[in-house]
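2 protein chains.
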Amino acid sequence: MYERKIKPNLNCGLDLIGEVLYGKWKIRLLWFINEGHKRPSELQRKIPDASRRVLNIQLKELEQHELVSKIIYPVVPPKVEYNLTDFGKTLIPVISAIGNWGEEHEERLRSLILKSLD
Amino acid sequence: MYERKIKPNLNCGLDLIGEVLYGKWKIRLLWFINEGHKRPSELQRKIPDASRRVLNIQLKELEQHELVSKIIYPVVPPKVEYNLTDFGKTLIPVISAIGNWGEEHEERLRSLILKSLD
DNA sequence: TCATGGAGGGATAAATTATTCCCCTATTGT
DNA sequence: ACAATAGGGGAATAATTTATCCCTCCATGA
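In order, the protein sequences belong to chains A and B.
Heads up: the first sequence at position 106 corresponds to 106 in the numbering used here, and the numbers run straight through without jumps.
Heads up: the second sequence at position 79 corresponds to 79 in the numbering used here, and the numbers run straight through without jumps.
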């Protein structure tokens, strides 16, 4: 694994959130898991732009941060399920706030972003 | 400036938010601007871990995305003020939700993150 | 015997983000 | 003359994050 050279600052709440939520696909992962798409393959289908690899890595981080729990069923072929932990569930309002804002302002955001790419 | 090689996906609300809010210091910038720390030098004092440069860059992006507006007073030495636009203000509930969650769970988050760095 | 399904890992390359360093503006005060 | 002030920008480089490719596991059905 990659080892950080610069230690993160953990002073304020926003620093802490950064550590836990700052990853390209993490919010989506939490969002979809919360919607009931629990299995890795489902999540990959829901987020086709992310490579399988990154999703695994980010899921593992979410797990280390105790936002999701992982159940491995001892069957072949393997079956795995992710669920929000109680702690993870406290994030639902946050994630909804984010997602809803994005949807409410979808058109405006899209045109702003396109414009900013000149 | 750096030119993206991979065009962003702008399908869903979460993609859009990503484009606009995904930057190491952006949420903090919005947070502090909302709290009334409007001038670049104040923001730099509030966020000492970020280099002056990145803050400028991220402020400019926030401006392009119409979340903040910039007033340049024609005086010497220069004086500049950032404010949330009306559009930016619609983000306040989102940012508060994020910041509050971070503060509420501060202790737990800190220890989880430290643990995950082994 | 061999492909399939579903999950996961290592190595490496590419993309992106952030940091460093150094320079510029123009006025006021020493 | 010259430092200080408040803001900004370019270039090069470092750090970090994502993407790509390819390989493993093992039971089951064709």
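Ideal Cβ positions, reconstructed from N, Cα and C, are used throughout, including at glycine.
Here the structure is a predicted model, which means the values were calculated and not measured.
query                                                                                                              : result
Contacts of Glu97(B) in chain A (Cβ-Cβ under 7 Å)                                                                  : Here the sequence assigns Ala to residue 97(B), which means Glu is not the residue at that position. Chain A residues near Ala97(B): Pro93, Val94, Ala97.
Residue burial classification, Asp15(A) (beta-carbon count within 10 angstroms, cutoff 16)                         : buried
8 Å Cβ cutoff, His65(A) in contact with chain B                                                                    : yes
Inter-residue Cα distance where the pair is Pro74(B) and Trp25(A)                                                  : 43 Å
Same chain only: Cβ atoms within 8 Å of Lys46(B), ignoring 5 sequence neighbours per side                          : Arg28, Phe32, His37
Val54(A) - containing alpha helix (DSSP H), residue span                                                           : 52-64
Terminal residues of the beta strand (DSSP E) in which Val80(B) lies                                               : 79-84
Cβ pair Asn9(B), Asp49(A) closer than 8 Å                                                                          : yes
Host beta strand (DSSP E) of Lys70(A) (start-end)                                                                  : 68-73
Classification of Val94(B) by the beta-carbon crowding that lies within 10 angstroms, buried from 16 upward        : buried
Between the CA atoms of Arg4(B) and Asn100(B) - distance to the nearest angstrom                                   : 33 Å
C-beta atoms of Ser69(B) and Glu61(B) nearer than 8 Å                                                              : no
Chain A contact for Glu106(B) (CB, 8 Å cutoff)                                                                     : yes
Residues that Glu103(B) contacts on chain A, provided the C-beta gap is smaller than 7 Å                           : Gly13
Cβ-based burial, Tyr2(B) [other Cβ within 10 Å; buried from 16]                                                    : exposed
Whole-angstrom C-beta distance between Leu67(B) and Asn91(B), which should lie under 8 Å                           : Looking at the sequence provided, one finds Leu at residue 91(B) rather than Asn. That pair is a contact at about 7 Å.
Rounded C-alpha distance that separates Ile113(A) from Ile17(B)                                                    : 10 Å
Proximal chain A residues relative to Leu10(B), where beta-carbon distance stays under 7 Å                         : Arg110, Ile113
Near-chain B residues of the stretch 49-74 of chain A (beta-carbon distance less than 7 Å), N- to C-terminal order : Asp49, Gln64, His65, Glu66
Terminal residues of the alpha helix (DSSP H) in which Asp15(A) lies                                               : 13-21
Neighbour flag for Glu35(A) against chain B, beta carbons, 8 Å                                                     : no
Short CB-CB distance (under 8 Å) between Thr85(B) and chain A                                                      : no
Unbroken alpha helix (DSSP H) run spanning Glu107(A), endpoints                                                    : 106-116
Residue closest to Arg39(A), alpha-carbon to alpha-carbon, out of Leu109(A), Ile72(A), Tyr82(A), Val54(A)          : Tyr82(A)
Closer than 8 Å to chain A by CB, Glu19(B)                                                                         : yes
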